[in-house]
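Under the working numbering, the residues of the sequence shown are numbered 20 to 269, in order. Note sheet for the following structure.
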Amino acid sequence: MQTLFVSDIDNTLTGDEKALQELGTLLKTQRESQEMLFILCTGRSLSAVLEGCQTEGLPEADVLICHVGTEIYLPPFHVGMQPLVGWQNWLRSQFSYRLAEYLVEDLEGWIPQPSSNQTEIKLSGYVEGPSAEATVAEIHRRAKEATEDYLIVWSHQKYLDILPAEAGKGKAIQYVKQHLGLTPTQVIVAGDSGNDNSMFEHGFQGIVVANAQPELKEWVAQLVDQPIYITQQPAAAGVQEGLRYFGGLP
Ligand code: GLC
Ligand code: MG
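Listed below in structure tokens is the structure:
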């Protein structure tokens, strides 16, 4: 395998069905000729990813990283399967959902996400509107005083995830590489928003799609010595453009 390609789903792959279909065909060819291993890396749950493969034309993947890097799945994929236990136990040892709840207790401006978006190691809510920045600052302030360390991720000025400090998409990718003993000649990542920031901090070649949120564009702007490409085209068309730029597609 030459290329390990890791892509976020929402607004990175999705948004233009025709472009996604075209990209899917190209990825399939690369995987079949053993040139590429492909990972979907998302904030979605496993069931929302599998549903997307059925109904949204998401390309088939070799590994799934779900719930913002807190769950890793190896094939064959099916609803209700268990995530990789080693990664799970490592994150569980650092995090208590009950303690994390103190960070948002009685906090005006915090609206919990549905229970399908919560796990033992991911506490998620909505923080948006004019007072959102102050609310996020207060969560960070409480986190500093807490006994456990947290990774706090705000995306689209709306989605707020509280995760174990060692979680996140970037570290989950590193774990997969190590666990499977992968030694690709290059790792390419693609994303569009704040929950993708951590994928861009390990020296991987980074594709930022044209429609990316300011928090990701600002994040990559201050990374020095990182190979980052901001595409001209949005979503899947941009991903294809970025893959060609880095030589991940012929
Ligand atoms: C996905 C998840 C949601 C999370 C968001 C940002 O939409 O379903 O829980 O807050 O990604 O990471
Ligand atoms: Mg996204």
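Heads up, the beta-carbon is just placed ideally off N, CA and C, and yes, glycines get one too. None of these values were measured; they are calculated from a predicted model.
In chain order, what residues of the same chain lie with their CB nearer than 6 angstroms to the CB of residue i, ignoring the 5 residues before and after it?
i    : result
I249 : V227
R161 : L122
F265 : I207, Q224
G43  : P78
W173 : V155, L179, G213
G62  : V87, N214
Residue i by DSSP, collapsed to three states: which one?
i    : result
L46  : helix
G200 : coil
Q241 : coil
T250 : coil
V123 : helix
K37  : helix
F223 : coil
K236 : helix
L93  : coil
S64  : coil
I158 : helix
W129 : coil
Q205 : strand
Determine, for residue i, whether the minimum Cβ-Cβ distance to residues of chain B falls below 7 angstroms.
i   : result
F96 : Reference to chain B is not applicable here, since this structure consists of a single protein chain.
Can you have a look at residue i and say buried or exposed, based on whether 16 or more other CB atoms are within 10 angstroms of its CB?
i    : result
I130 : exposed
V243 : exposed
L262 : buried
H159 : exposed
H97  : exposed
S52  : exposed
T89  : buried
R50  : buried
K190 : buried
A240 : exposed
A255 : buried
M100 : exposed
L268 : buried
P102 : buried
N30  : buried
A80  : buried
Please list, in chain order, all residues of the same chain as residue i whose beta carbon is under 7 angstroms from its beta carbon, the five residues on each side excluded.
i    : result
E260 : T250, Q251, Q252
Q137 : S143
L45  : Q259, L268
Smallest Cα separation from residue i: which of the options?
i    : options               : result
V82  : E75, V68, G76         : V68
Y169 : A191, G187, Q137      : G187
L235 : C85, Q176, P269       : Q176
L201 : E70, E54, S217        : E54
N216 : T48, I171, E127       : I171
E157 : E124, I192, W238, F24 : E124
G34  : E167, P233, A229      : A229
Y116 : S134, Q197, Y194      : S134
So residue i packs on residue j, CB below 8 angstroms; how close in whole Å?
i    : j    : result
L65  : I28  : At roughly 12 angstroms, the Cβ-Cβ gap does not stay under 8 angstroms, so L65 and I28 are not in contact.
I140 : L182 : 7 angstroms
L32  : V258 : 7 angstroms
A231 : S26  : About 13 angstroms separates the two Cβ atoms, so there is no contact after all.
A184 : Q113 : 6 angstroms
Can you find the residues in the same chain that come closer than 8 angstroms, C-beta to C-beta, to residue i, ignoring five residues on each side of it along the sequence?
i    : result
T204 : Q21, T22
G148 : G128
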